[in-house]
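Just so we're aligned: 203 in numbering that gives the first Met the number 0 is position 204 of the sequence shown, and the numbers increase by one with no gaps anywhere.
C-beta atoms are modelled at their ideal positions from N, C-alpha and C, and glycine is treated no differently.
Some notes on the structure that comes next.
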Amino acid sequence: MSRHFVIIGLGRLGVAMLDTLISLDHEVLGIDSDEDVIQELSGEYPRAHLFAADATEESVLRDLDVGNFDGAAVVIGENMEAGILATANLKEIGVPFVVARAISKLHARVLEKIGADRIIEPERDMGAQVARTISSPAVIDYVDLGEDEALIEAEVPKRWVGKSLADLHLSRESGLTILAVKPKGKSGTIPSGNTVLNEGDVIVVGGTKNALDRSPLVRPDG
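What follows is the structure, given as structure tokens:
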């Protein structure tokens, strides 16, 4: 079912969100204060509704009927004040779910106090992912699920090769769960206790961030 979302700030992060929401067949309103940005993106995204406007003005958002949208993302670049005002405006006019980008811990605390439903810190999150990749080149992807949970996609660590999931006792001993196994050159499957891990297999593992960081997925020599 198509839903309606507004994205405020059409930098790289905002455009990536715009592109994804359109691909999911949602109606998207994009707002940016730079008219040149709007003109450039209008040709590339004819299905989006793009406006050059100041989202720090509550009247602008009301005129665009944003209060009746399903959700909003405030991903204005380095302008902390503009992001705070836009977020406050969205909550004031009744948008039920607002995601806001923070550029510092202080910024995140302020956004939380004015009612942002979820706060993202893309630079910090990307830094954490890159750090884990440096720590262990076997790590392919790292997904922060919020709170204290995460997923890691990685090649099977050497110490797990040749062992079944039942042999590893991961849930009991480490608090980890292998959610999927993709053997080299084959499709991925949901594993059972009898599934044996082989060299070159790619696995998706879920658990607490602390448990994942202590595991051989991130600490291959630990």
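Classify A54 as buried or exposed, calling it buried when 16 or more other Cβ atoms lie within 10 Å of its own Cβ. Buried.
Is D140 closer than 8 Å to E152 when the C-beta atoms are compared? It is a contact, given that the beta carbons lie within the stated cut-off.
Would you call the region 156-174 and the region 106-123 touching, i.e. three or more CB-CB distances under 8 Å? In this structure the region 156-174 does not lie against the region 106-123, because fewer than three pairs of beta carbons, one per stretch, are closer than 8 Å.
Look up K181 in the DSSP assignment and say whether it is helix, strand or coil. Looking at K181 - three-state DSSP - the assignment turns out to be strand.
Are the beta-carbon atoms belonging to R117 and V98 less than 8 Å from one another? Their beta carbons are under 8 Å apart, which means R117 touches V98 by this criterion.
Sort out for me which residues DSSP pairs L12 with in a bridge. Its beta-bridge partners do not exist; DSSP assigns none.
Under the three-state DSSP convention, the category L89 falls into: Helix.
Taking D17 as the reference, which of L169, H48 and I202 has the closest Cα? Strictly speaking, residue 17 in this sequence is Leu, with Asp absent from that position. Looking at the Cα atoms, H48 is the closest of the given residues.
What does DSSP give as the partner residue(s) for G205 in the beta ladder? Paired residue(s): L150 and T176.
Across the region 31-47 and the region 57-65, are there enough close Cβ pairs to call them in contact, namely three or more that are closer than 8 Å? Short answer: they don't touch.
Does L110 get closer than 8 Å to chain B when you measure Cβ to Cβ? Looking at the structure shown, chain B is missing, and only one protein chain is on hand.
Helix, strand or coil for T19? Go by DSSP, reduced to three states. It is helical.
Evaluate T19 with the Cβ neighbour count: other Cβ atoms within 10 Å of its Cβ, from every protein chain shown; 16 or more gives buried, anything less gives exposed. The residue in question, T19, is exposed, as its Cβ has fewer than 16 Cβ neighbours within 10 Å.
Examine the Cβ distances between the region 24-31 and the region 0-15 and report whether three or more of them are shorter than 8 Å. Touching, yes.
Enumerate, from N- to C-terminal direction, the unbroken alpha helix (DSSP H) stretches of 4 or more residues contained entirely within the region 103-137. Runs of the alpha helix (DSSP H) inside the region 103-137: 104-112 and 121-134.
Quick check: the Cα distance between E39 and G13, rounded to an integer number of angstroms? Each residue's Cα considered, the two are about 14 Å apart.
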